[in-house]
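First comes the structure, then the notes that go with it.
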Amino acid sequence: MLEQQCDQLLPNALGEILESMFFSAISETEVVDQAQDRSFISAHLSFRGNPSGFFGVKTSAQTAQKLAANFLGQDEASISESQSGEVLCELANMLCGSSLSRLESGEKFELSAPTCIPAPMQSVPDRVIYDHLFQTDEGSLHVWMGVEERP
Amino acid sequence: MAYNILIVDDSPAMQTFVHRVLDLSGLEVGNCFQAENGEIALDVLRGNWIDIVLTDINMPVMDGEELVRQMSSNELFCNVPVVVVSTDNTEGRIRAMMKLGAKGYIKKPFVPETLRHEVEQVLGVRNA
Chain A
1 MLEQQCDQLL PNALGEILES MFFSAISETE VVDQAQDRSF ISAHLSFRGN
51 PSGFFGVKTS AQTAQKLAAN FLGQDEASIS ESQSGEVLCE LANMLCGSSL
101 SRLESGEKFE LSAPTCIPAP MQSVPDRVIY DHLFQTDEGS LHVWMGVEER
151 P
Chain B
1001 MAYNILIVDD SPAMQTFVHR VLDLSGLEVG NCFQAENGEI ALDVLRGNWI
1051 DIVLTDINMP VMDGEELVRQ MSSNELFCNV PVVVVSTDNT EGRIRAMMKL
1101 GAKGYIKKPF VPETLRHEVE QVLGVRNA
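So the sequences go chain by chain: A and B. Going by the numbering used here, the residue at position 47 of the first sequence is 47; the numbering climbs one at a time, nothing skipped. Just remember that the numbering used here sits 1000 ahead of the position in the second sequence, which is counted from 1.
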């Protein structure tokens, strides 16, 4: 049920965020091949509410730099690595918050501060309910969401 | 009249984005102060004339909810309007923040026009 909602809501949320704040768009969506290159920059955070879980966004350094340039209104060449990371964290924060708001209308949730790391997430979520690769104008963007199993 | 604005957000990227949108909006911005959490925002308020506060909710040290609560209960700051800028678009959260004293709520993601419109509405600015 939650998986089906995410399949519909996450692409819509990402499309809205990219269009309104990154001046970009999604061109294609596909399910992620787990054997893909793992050397990308990623931003992840956890959320508490109904449901609770983990959320992450991963992309290449080059795509992160292009997205940061769009978001900050600066030339791509002037974007530092830390700025790319900060913008990717903000993208993860907005995408997670926007998706959860659509999932659980009326209920508050708490998001942790997103952190950016130059490697994939170390911890594996209990239950991955969403794992897709989006093709955007700036390059590919891997998005995943995991939820904790309730006791 | 130029307005002094305080942006409260733990994300430097979002601080920059909001500042840039305000610069491009045509609104007369005087000093644009930035704070990474509610505690620092209160320090800025104690030392400066601020016309409007734009705050995130989820922040370390002191979150936006506590900031609005403390501003509302302080006679020096209770008349400074606060607009919440947040990814949390749930009805429960919006109601809670408005009940605490926020004067506006901008849902992320937002287009630049939305920010400008909300700030102008809260400040009572009319466009020509």
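From the three backbone atoms N, C-alpha and C, an ideal C-beta is built for every residue, glycine too.
Selection from the options that minimises the alpha carbon distance to residue i
i                  : options                                    : result
Ser52 of chain A   : A:Phe134, A:Phe109, A:His132               : A:Phe109
Ile41 of chain A   : A:Val147, A:Glu148, A:Leu141               : A:Leu141
Pro1109 of chain B : A:Leu100, A:Met94, A:Gln83                 : A:Met94
Gly56 of chain A   : A:Gly139, A:Glu138, A:Leu133               : A:Leu133
Ser1025 of chain B : B:Leu1045, B:Tyr1003, B:Val1008, B:Asp1009 : B:Tyr1003
Ser65 of chain A   : A:Leu91, A:Arg48, A:Gly49, A:Gln5          : Reading the sequence as shown, one finds Gln at residue 65 of chain A and not Ser. That would be A:Leu91, whose Cα lies nearest to the Cα of Gln65 of chain A.
Asn1089 of chain B : B:Val1029, B:Glu1075, B:Val1021, B:Gly1104 : B:Gly1104
Leu111 of chain A  : B:Val1119, B:Met1098, B:Val1125, B:Thr1087 : B:Thr1087
Gln1034 of chain B : B:Leu1027, B:Glu1028, B:Ile1050            : B:Ile1050
Glu1036 of chain B : B:Gln1121, B:Val1119, B:Ile1057            : B:Ile1057
Gly1124 of chain B : B:Ala1041, B:Val1080, B:Arg1020            : B:Val1080
Met1014 of chain B : A:Val87, A:Glu28, A:Val147, A:Gly97        : A:Val87
Val1122 of chain B : B:Val1053, B:Met1001, B:His1019            : B:Val1053
Glu1028 of chain B : B:Phe1017, B:Arg1020, B:Met1001            : B:Met1001
Pro1012 of chain B : A:Phe47, A:Phe71, A:Ala61, A:Glu16         : A:Phe71
Asp7 of chain A    : A:Leu45, A:Tyr130, A:Glu16                 : A:Tyr130
Pro1112 of chain B : A:Gly73, A:Gly97, A:Val128                 : A:Gly73
Phe54 of chain A   : A:Glu138, A:Val128, A:Ser20                : A:Val128
Gly139 of chain A  : A:Phe47, A:Ser60, A:Ser98                  : A:Ser60
Residue i at chain A interface by Cβ criterion, 8 angstroms
i                  : result
Val1111 of chain B : yes
Ala1035 of chain B : no
Ile1007 of chain B : no
Ala1128 of chain B : The predicted model places Ala1128 of chain B with a pLDDT of 41, which falls under 50 and marks its position as unreliable; any figure quoted below should be read in that light. It does not: the Cβ of Ala1128 of chain B has no partner Cβ on chain A nearer than 8 angstroms.
Met1098 of chain B : no
Ala1013 of chain B : yes
Gly1026 of chain B : no
Arg1069 of chain B : no
Residue i at chain B interface by Cβ criterion, 8 angstroms
i                 : result
Gly73 of chain A  : yes
Cys89 of chain A  : yes
Ser101 of chain A : yes
Asn93 of chain A  : yes
Lys108 of chain A : yes
Gln8 of chain A   : no
Gln83 of chain A  : yes
Ala43 of chain A  : no
Ser20 of chain A  : yes
Leu2 of chain A   : no
Glu138 of chain A : no
Glu86 of chain A  : yes
Contacts around residue i, its chain only, beta-carbon distance under 6 angstroms, and the 5 residues preceding and following it disregarded
i                  : result
Gly89 of chain A   : The question names Gly, but residue 89 of chain A is Cys in the sequence shown. Ala43, Pro114, Cys116.
Asn1048 of chain B : none
Lys58 of chain A   : Phe40, Ser42, His142
Cys1032 of chain B : Ile1005, His1019
Those residues which DSSP pairs with residue i across a bridge
i                  : result
Gln135 of chain A  : A:Glu28, A:Ser140
Val1053 of chain B : B:Leu1006, B:Val1082
Ser46 of chain A   : A:Phe54
Lys1108 of chain B : Partner(s): none; Lys1108 of chain B has no beta bridge.
Val147 of chain A  : A:Gly53, A:Arg127
Ile1094 of chain B : DSSP, once it has assigned bridges, lists no residue as partnering Ile1094 of chain B.
Thr115 of chain A  : A:His44
Gln1034 of chain B : B:Ile1007
Glu110 of chain A  : A:Arg48
Val1029 of chain B : B:Tyr1003
Thr59 of chain A   : A:Ile41, A:Leu141
Other residues of its chain near residue i: CB distance less than 7 angstroms, five sequence neighbours each side excluded
i                  : result
Ser80 of chain A   : none
Leu18 of chain A   : Ser24, Ala25, Ile26, Thr136
Ala68 of chain A   : Ile79, Gln83, Ser84, Val87
Leu103 of chain A  : Gln5, Leu9
Asp75 of chain A   : Ala69
Ala77 of chain A   : none
Asp1023 of chain B : Val1029
Phe22 of chain A   : Leu67, Asn70, Phe71
Glu1118 of chain B : Val1083, Gly1104, Ile1106
Same chain only: Cβ atoms within 8 angstroms of residue i, ignoring 5 sequence neighbours per side
i                  : result
Cys1078 of chain B : Met1071, Ser1072, Gly1101
Gly1038 of chain B : Val1008, Thr1055, Met1059, Val1061, Met1062, Asp1063, Gly1064, Glu1066, Leu1067, Gln1070
Leu14 of chain A   : Ile26, Leu95, Phe134, Leu141, Val143
Glu28 of chain A   : Phe134, Gln135
Met1098 of chain B : Tyr1105
Ala1096 of chain B : Glu1065
Asp1043 of chain B : Ala1035
Glu3 of chain A    : Ile129, Tyr130
Asn12 of chain A   : Arg102
Contact belief for residue i with residue j at Cβ below 8 angstroms, rounded distance in angstroms
i                  : j                  : result
Val1082 of chain B : Thr1055 of chain B : 6 angstroms
Leu100 of chain A  : Gly146 of chain A  : Contact doesn't hold; Cβ gap of about 13 angstroms is too wide.
Val1085 of chain B : Val1021 of chain B : In fact, because the Cβ distance is near 10 angstroms, the residues do not count as touching under 8 angstroms.
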